[in-house]
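**Student:**
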Amino acid sequence: MTVPYGRSSASRRGGGGSLHRKASITMRFNLVRTAAVAGLAAGVLLTGVPTTTAAPVSAVAAPTASPAVASAAPACVHLRQEDYLRDGQWRSLANAKNNCSHAVRIRMIWTGTTDGRCFSLNPGQDHGESKPGRGPYVSELRDC
């Protein structure tokens with residue numbers, strides 16, 4: 004049976020047509036956004052005054068650096084990483100050890116998965132985290 008526009012008979016019956024609905028919603032959103040921008044541009048061109056109450060470009064604040072900039076953990080905290088096999092599944096392990104003379108509060112920033120939570124380490128203590136797969140790794144240790 005030939006189905007118009009390459010859609011399967013399942014999508015015509017209502018099953019599996021979510022991609023079509025998502026595309027339709029996206030197209031409607033883009034159409035509304037395009038119409039709003041065109042209306043604003045036409046209002047500016049015809050009257051010289053914007054039709055919305057948006058702040059002028061000069062009044063918009065430029066992005067500034069956050070006062071709480073993330074900083075790296077002290078160099079005396081050492082990181083060791085390895086991949087291992089457990090129950091037939093690969094896992095990535097990261098272990099941070101505090102070689103400082105004082106306690107630290109840090110977190111592991113992972114690439115390829117979610118970041119770890121903040122944790123405290125007293126001098127000489129270590130902390131390990133593992134994630135599934137061989138791809139994830141800790142790209143940095145940050146202060147909390």
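Be aware that the sequence shown starts at 4, since it is given in the numbering used here, and climbs by one per residue. All C-beta atoms in this analysis are idealised placements derived from N, C-alpha and C, irrespective of residue type, glycine included.
Can you list, in chain order, the residues of its chain with a C-beta nearer than 6 Å to that of residue 70? Leave out the 5 residues immediately preceding and following it.
**Tutor:** Any answer about residue 70 is weak, because its pLDDT of 48 lies below 50 and its placement is not dependable; what the coordinates show is given next. Within the same chain, residue 70 has no close Cβ partners at all.
**Student:** Pop quiz: residue 144 and residue 96 are said to be a contact at Cβ under 8 Å. What is the actual Cβ separation, rounded to whole angstroms?
**Tutor:** Not a contact, Cβ separation roughly 15 Å.
**Student:** May I have the straight-line CA-CA distance separating residue 76 from residue 105, to the nearest angstrom?
**Tutor:** Each residue's alpha carbon lies about 12 Å from the other.
**Student:** Taking the straight line between their C-alpha atoms, what separation do you get for residue 147 and residue 89?
**Tutor:** One C-alpha to the other measures close to 31 Å.
**Student:** Keeping to the same chain, check which residues put their C-beta closer than 6 Å to that of residue 74; ignore five residues upstream and five downstream.
**Tutor:** The residues are 146.
**Student:** Measuring straight from C-alpha to C-alpha, what distance separates residue 122 and residue 108?
**Tutor:** Going from the Cα of residue 122 to the Cα of residue 108 covers about 5 Å.
**Student:** Residue 25 to residue 116, Cα distance in whole Å?
**Tutor:** Residue placement at residue 25 is poorly supported in this model, since its pLDDT is 42, which falls under 50; the coordinates still yield a value, given next. Rounded to whole angstroms, residue 25 to residue 116 spans 27 Å at the Cα level.
**Student:** Just tell me which of 136, 93, 138 and 127 has its CA closest to the CA of residue 99.
**Tutor:** Among 136, 93, 138 and 127, the Cα nearest to that of residue 99 belongs to 127.
**Student:** Where do the N-terminal and C-terminal ends of the beta strand (DSSP E) with residue 128 fall, by residue?
**Tutor:** Careful: residue 128 lies outside any beta strand (DSSP E) and carries neither H nor E.
**Student:** Run through DSSP, which three-state label would residue 75 get?
**Tutor:** In this structure, residue 75 counts as strand in the three-state DSSP scheme.
**Student:** For residue 110, count neighbouring C-beta atoms within 10 Å of its own C-beta (all shown protein chains included) and say buried if the count is 16 or more, exposed if not.
**Tutor:** With 16 or more Cβ atoms within 10 Å of its Cβ, residue 110 is classed as buried.
**Student:** For residue 104, which of helix, strand or coil comes out of DSSP?
**Tutor:** Correct three-state label for residue 104: coil.
**Student:** Using the rule of at least 16 other Cβ atoms within 10 Å of the residue's Cβ for burial, across every protein chain shown, is residue 139 buried or exposed?
**Tutor:** By the neighbour-count rule (16 or more Cβ atoms within 10 Å), residue 139 is buried.
**Student:** So, is residue 101 buried or exposed, given that buried needs 16 or more other C-beta atoms within 10 angstroms?
**Tutor:** Buried, by the Cβ-count rule.
**Student:** Indicate the three-state DSSP secondary structure (helix, strand or coil) for residue 86 in the structure shown.
**Tutor:** Strand.
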